[in-house]
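What follows is a set of notes on a single structure, which appears directly below.
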Amino acid sequence: MSQAMSLRASRTRYALRKFINTLMLSLTGLATLFAIIPLVWIVVYITREGGRYLSVDFFTQLPTPVGVPGGGIVNSLVGSLIVVGIACLIAIPISLVAALYVADHPTTPLGVLVRFSTDVLSGVPTIVVGMFAYALVVLPQRHFSALAGSVALAVIMVPPVLRTTEEMLKLVPRNLREGSLALGASNWKTSLQVLLPAALNGIVTGVMLGIARVAGETAPMIFTAFGNPFFNTDLSQPIATLPQTIFVYAISPYQDWHAKAWATAFVLIAAVLGLNIAARLLTWWRTRRLRLA
Amino acid sequence: MSVIVQAKKNAGVSRWKTLTRRLEHGDTIFRALTILAALIVVVTVGAIGLQLWNTSALSRDKFGWGFLIGQDWNPVAQNFGALPFIYGTLQSALLALVLAVPVGLGIAIFLSELAPDWLRQPLGFLVELLAAVPSVVYGLWGLFVFVPIFVKPIADALNQGLGFIPLFQGPVFGPSRFAASLVLAIMVLPTISAVSRDVFLAIPRAQREAALALGATRWEMISQVLVPYGLSGILGAVILGLGRALGETIAVTMLIGNNLDLTASILHPGYTMASLIVNEFTEATYPLYLQALIEIALVLFAITLLLNLIARLLIWRVARRTTTEARV
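Sequence lines, in order, name chains P and A. Under this note's numbering, residues 61 to 353 are what the first sequence spells out, in order. Under this note's numbering, residues 159 to 486 are what the second sequence spells out, in order.
Given below as structure tokens:
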């Protein structure tokens, strides 16, 4: 009698455990779905709202004052290209060469310190980096400039590029390096002509992700590049960038500017997500090739 | 004559040879270059702190440590205290974490333990794409779409149902701490889920098999074995998320309402350190005002630096433990 009861009790307990198991496991699936909804929502909405406003003029005209129809974002488009381009010129060489050091000396005090600093740097809020660039470049120069914006973006860009390059260099087979040294090549030739080319594909991925990350930065631009309603290619002058243009248009009270904010956001998000997807495809293509080989 | 020229030439060649040998055929220069680049990275972190420290001297001298607990931010009276903004920053970031941590952990568990192989990569990529969407785009979407359609009705319902609790006191505003925290939660999801997924993936297989062999269900295996095992790593992931939430600027500035409001209600507008800097930077008309804003950035830097230190140590601990155990 009591045995039957305890059997029944253990059966209900088992049923309960199974139920909790199913419930919690489905909740984790639901959570994943939950995360993807905003992404789809944002992309679809921006494509619809922003796509409507796009035209050739939007890419080739300067912005118009409030109330004047038409106008484009050519100044911000070119501005973003310039600021991000200069940031790349500063950040990429430093990241690559520093990554060569770290990959070569992972356990020396400096190596550990560099990896640690990279982690810390990637956690510093971008607005703080913007303040740093302001204090470093804008205050001594006494005016806002494209160059200051590039310095801020370069600081933000170093951690992701350095990290991926280091990981990629570690993946280069040891015998490749030893073969090169055995043939009498010096260390620097081995690094530049054997290691970097072998890791090139992965490094390109890292650089693309780095560019995608900084191209959307708004906060540091406010104290550095500052924005400019006119066309400018002078590095020592204020310059407009895409994210900051979105910000200015979005917080304005004008309907027409809101429409322009959506269209500009479409351009920005197409570039940023495009870079991310391209980087992922490149990685996928490389791992498949490695697996085939 | 020609002998002398020859001798000079020889001397030149041998001098060149000694030089290249001394420089190890360029390797010395190259090594110096790599060390220089490595040093630049290290120095940059210090330089950020130092530069902010130096350019906020006026404010630091005038207010001292009182800056951190001063409750009054009054540019007209030239009196600056950071406490309301520190409070606002912590409140919105913590609220975002409360919302994001369960979902982020769910995603991590689903991606590392449950999802079929063909789905793992694409789903993980989609979640990571959330981190790629620029902050200003989140702000734009939040301001015109997410808040009116989704956040406001929920806020109204919360206020009607639970309005007697100070946390949900009315009147209900569109841009509010709640709105900012919800969007912040979406923004930190990828950080939390990606890092804790990697923590789960680093846990040795034997742990899972032992739990299952003892008769645990999969959920029991996850909640009673994997989570405790990777706890410090998960904590690290959460703290990294917290760091991101604290420093997030543009989206928060666009959604939090930017109003000094010392009530506890999350349905009211608020203010954070980062949004204060953005909003008042162009209005900082005299040096003390500007330097007070720079000191706000310095405080933000110090807080995130500390959090990152803790998070990295926690994550390193998991990684070290799993590698030593795998070796045994």
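A virtual CB, placed ideally from N, CA and C, is assigned to each residue, including glycine. Just so it is clear, the structure is predicted and the values come from calculations on it, not from any experiment.
Going by beta carbons, G391 (chain A) and V259 (chain A) fall outside the 7 Å limit. In summary, M217 (chain P) is buried, with 16 or more beta-carbon neighbours lying within 10 Å of its beta-carbon over all protein chains present. Listed in chain order, the non-local C-beta contacts of L472 (chain A) below 8 Å within the same chain comprise S390, G391, L393, G394, I397, local neighbours out to five positions each way being set aside. In this structure L160 (chain P) does not touch S240 (chain P) by the C-beta definition: roughly 14 Å separates them, more than the 8 Å allowed. Taking C-alpha positions only, L342 (chain A) is separated from G262 (chain A) by approximately 13 Å. In the DSSP assignment, L272 (chain A) falls outside any alpha helix (DSSP H) and carries neither an H nor an E.
Going by DSSP, S423 (chain A) is part of no alpha helix (DSSP H) at all; its letter is neither H nor E. At a C-beta separation below 8 Å, I198 (chain A) has these neighbours in chain P: I154, A158. V180 (chain P) and T186 (chain P) have their C-alpha atoms some 12 Å from each other. V203 (chain A) reaches chain P at S177, V180, L181, counting residues in chain order whose Cβ is nearer than 7 Å. Taking a C-beta cut-off of 7 Å against chain P, the contacting residues of the segment 436-468 of chain A are V436, F439, I452, A455, L458, F459, T462, L463, N466, listed in chain order. Residues of chain P with a Cβ closer than 8 Å to the Cβ of D185 (chain A) are, in chain order, S246, N247, W248.
Only residues of its own chain outside the window of five on either side were considered, and among them G207, L210, W211, S214 have a CB closer than 8 Å to the CB of L456 (chain A), listed in chain order.
Remark: three or more beta-carbon pairs, one from each stretch, lie closer than 8 Å, so the segment 287-301 of chain A and the segment 265-278 of chain P are flagged as touching. By the neighbour-count criterion, in which 16 or more other beta carbons inside 10 Å mark a residue as buried, R237 (chain P) falls on the buried side.
With contacts defined by Cβ atoms closer than 7 Å, A323 (chain P) and N135 (chain P) do not form a contacting pair.
G388 (chain A) and I350 (chain A) have their C-alpha atoms some 13 Å from each other. Around the Cβ of E367 (chain A), a 10 Å sphere holds fewer than 16 other Cβ atoms; the residue is exposed. Taken in chain order, the complete alpha helix (DSSP H) segments of 4 residues or longer contained in the segment 180-214 of chain P are 186-193. With a 10 Å radius around the Cβ and a threshold of 16 neighbouring Cβ atoms, G334 (chain P) comes out exposed.
From the beta-carbon of N81 (chain P), the residues of chain A found nearer than 9 Å are T375, R376, W377, E378. At a C-beta separation below 7 Å, W276 (chain A) has no neighbours in chain P, since its nearest C-beta there lies roughly 13 Å away. In the three-state reduction of the DSSP assignment, N292 (chain P) falls in the coil class, being assigned neither a helical nor a strand state. Using a C-beta cut-off of 8 Å, the segment 193-213 of chain P makes contact with the segment 143-153 of chain P, since at least three inter-stretch Cβ pairs fall below that distance. The beta strand (DSSP E) runs of length 3 or more contained entirely in the segment 210-294 of chain P do not exist; there are none. What S293 (chain A) touches in chain P, judged by beta-carbon distance under 9 Å, is T186, G276, E277, T278, A279, P303, going in chain order.
In the pairwise beta carbon analysis, the segment 249-263 of chain P is classified as not touching the segment 279-298 of chain P: fewer than three pairs are separated by under 8 Å. Buried is the label assigned to L425 (chain A), since at least 16 other Cβ atoms lie within 10 Å of its Cβ. Contact of L328 (chain P) with chain A by beta-carbon distance below 9 Å involves P292, V294, V295. Remark: C-beta atoms of A337 (chain A) and V305 (chain A) approach each other more closely than 7 Å.
I96 (chain P) and L400 (chain A) have their C-alpha atoms roughly 21 Å apart. For the C-beta of T349 (chain A), not a single chain P residue is nearer than 9 Å; the gap to the nearest is close to 10 Å.
Chain-order list of chain A residues neighbouring K78 (chain P): T375, by C-beta distance under 8 Å. Listed along chain P is no residue with a C-beta nearer than 9 Å to that of T176 (chain A); the closest approach is about 16 Å. Taking the beta carbon of A338 (chain P) as reference, no residue of chain A falls within 8 Å; the closest one sits roughly 12 Å away.
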